Amino acid sequence: ILGLWGERLFDKFDMKHTGHIHFTEFIKGLASCCKSTEEERIKFLFSLYDIDNDGYIEKKEMVTMVSI
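The opening residue of the sequence shown carries number 44 in my numbering; numbering runs sequentially from there.
Encoded structure:
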């Protein structure tokens, strides 16, 4: 599970899709997790669980993200 969480976070932080995270992307990623509004944090968390990016969290996505 930690591998999937790490992959999902990496994808969100790697905003330029270069395969590595630049310093500015890292700061922006941290800010979106820590210094944003509650609604923005909820949307960010939702996007981590919405693995296929279809705007819905299906049962299989929820199970994948919370299973050990």
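Virtual Cβ for every residue (Gly too), placed ideally from N, Cα, C. These figures come from a predicted structure and were not determined experimentally.
For residue i, three-class secondary structure by DSSP
i	result
E68	helix
D97	coil
G46	helix
K55	helix
Pairwise C-alpha distance: residue j and residue i
i	j	result
I70	K102	32 angstroms
V109	Y92	9 angstroms
D95	F87	14 angstroms
E81	L47	24 angstroms
R51	S90	9 angstroms
T107	K78	27 angstroms
Cβ-based neighbour list, residue i, same chain, cut-off 8 angstroms, excluding 5 preceding and 5 following
i	result
I64	F53, F56, D57, G72
K59	H65, E68
Residue i, enclosing alpha helix (DSSP H) - first and last residue
i	result
M108	102-109
K86	81-92
Own chain, CB closer than 6 angstroms to residue i, minus 5 neighbours either side, in chain order
i	result
S75	F87
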